[in-house]
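In what follows, a single structure is set out as structure tokens and then discussed.
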Amino acid sequence: MELNEITITKAIIERFSEKLIACTEVDTAIVGGGPAGLVAAYFLAKVGKKVAIFEKKLSIGGGMWGGGMMFNEIIVQPEARELLDLFDVRTRKYEAGYYSADAIEAVSTICSYATKAGARVFNCITVEDVMIREGRVIGLVINWTPVSMTGLHVDPLTIAAKSTIDATGHATEVLRVIERKTDIRLNTPSGALMGERSMWADRAERLTLENTREICPGVYVAGMSANAAFGGPRMGPIFGGMLLSGKKVAELIIANG
Ligand SMILES: Cc1cc2nc3c(=O)[nH]c(=O)nc-3n(C[C@H](O)[C@H](O)[C@H](O)COP(=O)(O)OP(=O)(O)OC[C@H]3O[C@@H](n4cnc5c(N)ncnc54)[C@H](O)[C@@H]3O)c2cc1C
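Position 153 of the sequence shown, counted from 1, bears residue number 329 in the working numbering, the numbering being contiguous throughout.
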């Protein structure tokens with residue numbers, strides 16, 4: 177059989193369009209495909225929720241590929257190691273309370289679990305705005321990342337979501353838009369974004385989990401975004417809090433129906 181370039185082209189366009197159309201209305205839209213977003217996607221998809229991750233970069237995985245300073249090993253604590261066991265990511269004990277895993281194996285394997293559970297990943301798409309009705313975020317405004325990179329004058333499209341997770345890491349990009357463009361008060365002590373503080377691994381890991389919650393009607397925060405929103409410290413290259421935060425946010429959304 178001779179391969180036909182036009183058939184290949186049609187197949188790509190049709191299959192991608194099917195996927196995107198199916199995700200124009202989702203139960204949960206996750207902004208950011210780092211460790212927190214990927215783990216949340218897995219646990220939500222596993223219970224049958226329709227989940228889409230929008231990731232602005234070409235690759236998913238966020239900051240996890242590079243471990244610490246591009247030494248591609250991640251360190252987790254015992255509670256998070258149980259999560260890596262569940263994903264079949266191999267870990268090695270370093271000393272009591274510290275386990276290491278290969279960052280590449282961790283990202284690729286967790287992503288595989290999330291997509292096989294049914295989560296859809298849309299890479300190279302940036303979330304640039306939200307839709308609000310009666311004080312609640314009801315969806316996202318999306319565009320191709322190269323549009324914003326090149327400053328092209330191209331209008332975006334929209335996605336309806338019953339809930340949204342800001343898993344954009346340090347950037348807290350969804351929350352920044354909400355703060356800048358809406359009258360919604362965030363569920364932080366100041367009512368606004370509090371910004372991330374200097375490194376303190378132990379405290380930050382605990383606060384990441386505590387701060388993983390609904391931050392305004394329709395929007396949850398997870399991972400580094402949760403710390404940045406609530407004024408928690410950064411934690412350095414330990415990833416247990418990110419993984420556990422992804423699990424917690426999925427549990428909160430499932431519990432809230
Ligand atoms: C350059 C760099 C340096 C870092 N240094 C530290 C450090 O010193 N200490 C520390 O604690 N943590 C640091 N981190 C973060 C660290 O990698 C995290 O601890 C961990 O990766 C955070 O996981 P996360 O899932 O919360 O977010 P991330 O892994 O950061 O993933 C967030 C994802 O969201 C995507 N995204 C952002 N905005 C949008 C948008 N508008 N639309 C769609 N997608 C979007 C990003 O492309 C990214 O893939 C650093 C991250 C980076 C990138």
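Cβ atoms here follow ideal geometry from the backbone N, Cα and C, with glycine treated the same way.
None of these values were measured; they are calculated from a predicted model.
- Contact between the stretch 268 to 282 and the stretch 250 to 259 is present, with at least three C-beta pairs closer than 8 Å.
- Bridge partners of arginine 268 according to DSSP: Ser276.
- Arginine 382 is bridged by DSSP to nothing; it lacks a bridge partner.
- Counting along the chain, glycine 416 sits inside the alpha helix (DSSP H) bounded by residues 416 to 431.
- With the rule of 3 Cβ pairs closer than 8 Å, the stretch 325 to 340 counts as touching the stretch 299 to 309.
- Of the other Cβ atoms in all chains shown, 16 or more fall within 10 Å of the Cβ of isoleucine 391; this residue is therefore buried.
- Rounded to the nearest angstrom, the gap between the Cα atoms of histidine 346 and phenylalanine 219 is 23 Å.
- No beta strand (DSSP E) of 3 residues or more sits fully in the stretch 347 to 375.
- Counting only runs that start and end inside the stretch 310 to 334, the beta strand (DSSP E) elements of at least 3 residues fall at 312 to 320.
- With a threshold of 16 other beta carbon atoms within 10 Å, methionine 400 meets it and is buried.
- When the five nearest sequence neighbours on each side are left out, no beta carbon in the same chain lies closer than 6 Å to the beta carbon of leucine 328.
- For ligand 1, no non-hydrogen atom lies closer than 7 Å to the CB of serine 276.
- The C-alpha of proline 413 lies about 32 Å from the C-alpha of glycine 315.
- As DSSP reads the structure, asparagine 299 sits in a beta bridge with Glu231.
- With fewer than 16 other beta carbons inside 10 angstroms of its own, proline 322 counts as exposed.
- Burial check for glutamate 181: the Cβ neighbour count within 10 Å stays below 16, so the residue is exposed.
- In the DSSP assignment, valine 215 falls outside any beta strand (DSSP E) and lies within the alpha helix (DSSP H) extending over 211 to 222.
- Shortest gap from the CB of glutamate 349 to any heavy atom of ligand 1: under 7 Å.
- The nearest non-hydrogen atom of ligand 1 is less than 7 Å from the C-beta of lysine 232.
- Set against 7 Å, the gap from the CB of valine 207 to the closest heavy atom of ligand 1 is smaller.
- Cα atoms of arginine 257 and arginine 266: separation of roughly 9 Å, rounded to the nearest angstrom.
- For valine 395 against aspartate 342, the beta-carbon gap comes to about 6 Å, under 8 Å, which counts as contact.
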